[in-house]
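Notes follow once the structure below has been shown.
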Amino acid sequence: MSGYSSFAEFYPFYFSEHSDRRCRRMHFIGSTLVVVVLVMALASGQLRWLWLAPVVGYGFAWIGHFGFEKNRPATFKHPLYSLMGDWVMYGQMLRGKIRF
C-alpha cells in the first residue's frame with residue numbers, strides 16, 4: 006500500500022476496505038460504545054474507565070475485519086487516517102449516507 010498525501014486521498018481506500026456490511030456494523034457498534042464509555046466516564050468522574058474506549062472501539066472493528074472482511078485493518082499502516090476514517094464513516098452511517 007502506498008503512502009497518501011491527504012486524508013481526502015486516503016478515504017476512498019479506507020472505505021473500500023469496509024465493503025462488507027457486517028464489518029461496517031461492527032465498526033458502528035464499537036464507535037457507539039466508545040462514545041458511551043467517554044460520556045459515562047466523564048459524567049461519573051471515573052476517568053479510570055477511559056482505557057475501555059480503545060478496547061471496545063478497536064476490538065469490534067478488528068472483529069469486523071478479521072471475521073467478516075478478511076483483511077488487515079488500515080490502522081496498522083495508517084493509524085491517524087484510519088481513526089479519522091472511522092469517525093467519518095460513523096457520521097455517514099448516522100446520517101444514512103452509508104448502509105450498515
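The sequence shown maps to residues 6 to 105 in the numbering used here.
The beta carbon of each residue, even a glycine, is placed where N, CA and C say it ideally should be.
| Query | Result |
| --- | --- |
| Apart from the five residues just before and just after I34, which ones in its own chain have a Cβ nearer than 7 Å to its Cβ? | F65 |
| Assuming M98 and H23 are in contact, meaning their beta carbons sit under 8 Å apart, how far apart are those beta carbons, in whole angstroms? | Incorrect: roughly 10 Å between the Cβ atoms, too far for contact. |
| Considering Cα atoms alone, identify which of G90, N76, S49, K102 is closest to F15. | G90 |
| Which whole runs of the alpha helix (DSSP H) in the segment 13-57 are 4 residues long or more, in chain order? | 26-49 |
| If you draw a straight line from the alpha carbon of S11 to that of W54, how long is it in whole angstroms? | 33 Å |
| With 16 other CB atoms within 10 Å as the buried threshold, where does V44 fall? | exposed |
| Taking 8 Å as the limit between beta carbons, can you name the residues of its chain near V42, skipping five residues before and five after? | W54, L55, L57, A58, V61 |
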